[in-house]
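K.L.:
Protein chains in written order, with my numbering: chain A, 167 to 507; chain B, 66 to 351.
1. Does residue 346(B) have its Cβ less than 8 Å from a Cβ in chain A?
2. Taking the C-alpha atoms as reference points, what is the distance between residue 365(A) and residue 174(B)?
3. Is it true that the segment 244–263 of chain A meets the segment 319–333 of chain A, where meeting means three or more beta-carbon pairs spaced less than 8 Å apart?
4. Can a CB atom of chain B be found closer than 8 Å to the CB of residue 263(A)?
5. By the 7 Å beta-carbon criterion, what residues does the segment 89–103 of chain B contribute toward chain A?
6. Should the segment 394–403 of chain A be called in touch with the segment 360–374 of chain A, which here means at least 3 C-beta pairs below 8 Å?
7. Buried or exposed: which applies to residue 209(A), given that a residue is buried once 16 or more other Cβ atoms fall within 10 Å of its Cβ?
8. If you count every other CB in all the chains shown that lies within 10 Å of the CB of residue 412(A), and 16 or more means buried, which is it?
9. Leaving out five residues before and five after residue 247(B) in sequence, what residues of the same chain have Cβ atoms less than 6 Å from its Cβ?
10. Name, please, each residue of chain B whose Cβ falls closer than 8 Å to the Cβ of residue 237(A).
11. Is the segment 469–479 of chain A close to the segment 415–422 of chain A, with three or more CB pairs under 8 Å?
12. Quick one: grab the DSSP three-state call for residue 169(A).
13. Where does residue 207(B) land, buried or exposed, given buried means 16+ other C-beta within 10 angstroms?
14. For residue 184(B), decide whether its Cβ has a neighbour in chain D, counting only Cβ atoms nearer than 8 Å.
15. Would you kindly report the start and end of the unbroken alpha helix (DSSP H) that includes residue 511(A)?
16. Starting from residue 292(A), find everything on chain B with Cβ-Cβ shorter than 8 Å and list it in chain order.
17. Hey, is residue 279(A)'s beta-carbon within less than 8 Å of any beta-carbon in chain B?
18. Please confirm whether residue 175(A) has its beta-carbon closer than 8 Å to some beta-carbon of chain B.
19. Listed in chain order, which residues of the segment 295–325 of chain A have Cβ atoms closer than 8 Å to some Cβ of chain B?
20. Kindly indicate if chain A contains any beta-carbon less than 8 Å away from that of residue 174(B).
21. Work out the CA separation of residue 299(A) and residue 476(A) for me, nearest whole Å.
22. Is the CB-CB distance between residue 231(A) and residue 177(A) below 8 Å?
23. Any idea if residue 234(B) is buried or exposed, counting beta-carbon neighbours within 10 angstroms, 16 or more meaning buried?
24. So, is the C-beta of residue 177(B) closer than 8 Å to a C-beta in chain A?
25. Which chain B residues sit within Cβ distance under 8 Å of residue 276(A)?
26. At a Cβ threshold of 8 Å, is residue 527(A) touching chain B?
27. At what residue ranges does the segment 148–228 of chain B contain a whole run of the alpha helix (DSSP H), taking only runs of 4 or more?
28. Have a look at residue 264(A) and residue 209(B) and give me their C-alpha separation to the nearest angstrom.
29. Determine the burial state of residue 201(B): buried for a count of at least 16 other Cβ atoms within 10 Å of its Cβ, exposed for fewer.
30. Alpha carbon to alpha carbon, how far is residue 84(B) from residue 295(A)?
31. On the criterion of 16 or more Cβ atoms from any shown chain inside 10 Å, does residue 290(B) qualify as buried, or is it exposed?
32. Name the two residues that bound the continuous alpha helix (DSSP H) containing residue 320(A).
33. Which one of 290(A), 306(A), 347(A), 288(A) has the shortest CA to CA distance from residue 237(A)?
34. If you draw a straight line from the alpha carbon of residue 406(A) to that of residue 222(A), how long is it in whole angstroms?
35. Should residue 285(B) be labelled buried (16 or more other beta-carbon atoms within 10 Å of its own) or exposed?
36. Distance, Cα to Cα, residue 158(B) vs residue 334(B)?
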């Protein structure tokens with residue numbers, strides 16, 4: 167049975183539009199213009215226990231709003247959500263003890279006190295037995311190298327140090343479902359890797375279900391076999407990373423030559439992405455990749471050849487621009503129809 | 066990644082009785098917030114001075130009493146001194162800034178972290194105020210003693226232990242009234258996105274209605290009649306009257322009962338507003 171079920175989830179906001187300046191203030195006082203923002207507009211998906219899913223999308227695509235509805239902070243405008251058998255927005259204690267939400271851009275630790283004090287508060291609030299608290303703390307402290315950090319005031323910690331403490335605090339109660347919203351934002355590569363490894367280990371040991379959003383594609387590809395891409399509040403792709411790669415129309419063929427080759431010679435096989443001395447990159451249609459690569463091998467002085475999928479970032483960018491293109495076309499049609507009418 | 070994590074433990078049911086667990090939560094929250102509050106000693110002194118209205122009014126009314134042949138409205142200089150010192154003590158003991166705190170949390174989205182925990186944010190805000198009181202009240206009591214030394218000779222703050230104990234009970238209820246009202250005002254932030262402006266206006270009005278500018282017996286009859294139907298006299302005026310022993314014995318039970326009713330009413334209102342307001346949460350910057 168799925169641990170997370172989301173069915174046609176929507177979150178619409180009514181926001182007041184106000185023009186700048188005093189005149190705008192006066193006008194909006196007398197006739198308030200409002201518009202509806204569809205932050206999340208009919209999102210559906212299910213997750214099995216232990217799955218790790220990457221939630222991708224541009225800023226404002228609806229990722230964070232969705233996570234906030236899943237963790238019970240926001241009431242959905244419509245649609246169904248079930249997490250671990252609970253309706254999140256009812257915020258029952260037994261639900262909250264089963265989940266955690268880590269927001270990389272918001273801190274939950276008490277700012278003026280050492281992190282350990284916040285840990286103790288959490289231990290009491292989540293009713294963690296003393297022995298388990300001590301054992302968990304020691305475990306996390308070893309893995310995340312928290313020694314010496316826990317007794318320092320939170321505001322004196324560096325961003326990376328603080329994030330490690332935040333993560334430990336958010337997982338002290340050993341939740342089964344983790345919502346991680348940009349957990350590695352602003353961190354250096356070493357720290358990103360450490361946090362990634364910690365999440366992977368946690369998932370393995372506790373069979374925890376994880377939804378992760380990140381701007382760093384490496385976080386997603388390292389942790390998640392499945393991705394959900396949202397754009398304008400809708401799911402535009404849900405599947406394995408391989409499935410995303412299938413959407414790639416081209417393969418990238420990397421070539422190393424033993425002697426110089428002219429650009430015009432390469433253009434017979436595909437689009438030349440780069441040509442630099444003795445190495446080149448060609449974009450070749452996926453279906454013909456192996457045939458064309460074989461021809462290149464026999465016809466040109468090739469020393470080495472690689473066939474790769476394009477980077478995931480590019481593919482996702484491609485999906486977004488396709489989405490935009492189709493919307494633009496729709497818009498143009500509507501406008502044309504209006505003109506005709 | 067070689068370090069083993071904990072062996073998978075089944076989520077063990079929390080140990081101990083409900084009361085025991087609640088006590089543990091209360092104690093830990095208390096310790097943490099007390100540590101936080103002691104870091105704000107200087108600020109607390111400034112907030113106290115900002116609430117000095119009754120002390121200024123004390124000087125005004127003592128002056129008037131002396132000029133008016135000894136009494137104004139049946140109160141002499143010593144009665145005014147005792148009343149306003151008690152009123153200041155009552156006002157200081159009931160300070161609640163949860164309206165500001167809550168509306169800030171709503172607008173900044175800080176409420177999210179509090180909502181994620183299996184503990185209603187109400188309890189954490191309440192504990193913040195109680196720990197602040199531990200720092201504030203000794204300072205206030207010290208200043209009241211200094212005030213007594215400066216007051217007209219023969220001024221008696223309280224007639225005895227019984228009045229003082231009744232005051233402590235009454236002031237606890239008074240604090241709860243004020244806290245619940247402030248909480249309701251804070252909840253308005255779910256709709257207005259900003260409720261602190263309202264809070265400033267409210268503060269001045271409430272100080273007046275509570276008896277911070279003058280004891281209620283000096284109000285015109287019609288005004289007093291109206292004010293009696295508001296919760297405000299039960300925050301400052303009546304507790305101060307209890308402490309100074311200026312309240313007829315027959316009135317004591319009524320005052321405590323009405324205080325209890327106001328606490329219950331605003332607690333209910335807060336509960337309802339919270340339930341409705343929470344649905345609106347997140348419409349801004351979330």
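All C-beta atoms, glycine included, are put in the ideal place defined by N, C-alpha and C.
P.N.:
Here's the rundown:
1. yes
2. 25 Å
3. no
4. yes
5. 89, 90, 93, 94, 97, 100, 101
6. no
7. buried
8. exposed
9. 161, 163, 164
10. 181
11. yes
12. coil
13. exposed
14. You won't find chain D in this structure, because its protein chains are A and B.
15. Any question about residue 511(A) goes unanswered here, given that chain A covers just 167 to 507.
16. 182, 183
17. yes
18. no
19. 295, 298, 301, 302, 305, 308, 309
20. yes
21. 45 Å
22. yes
23. exposed
24. yes
25. 97, 101
26. Outside the shown range of chain A, which is 167 to 507, sits residue 527(A), and nothing can be said about it.
27. 163–173, 176–181, 186–215
28. 50 Å
29. buried
30. 15 Å
31. exposed
32. Neither: residue 320(A) is in no alpha helix (DSSP H) and is coded neither H nor E.
33. 347(A)
34. 13 Å
35. exposed
36. 23 Å
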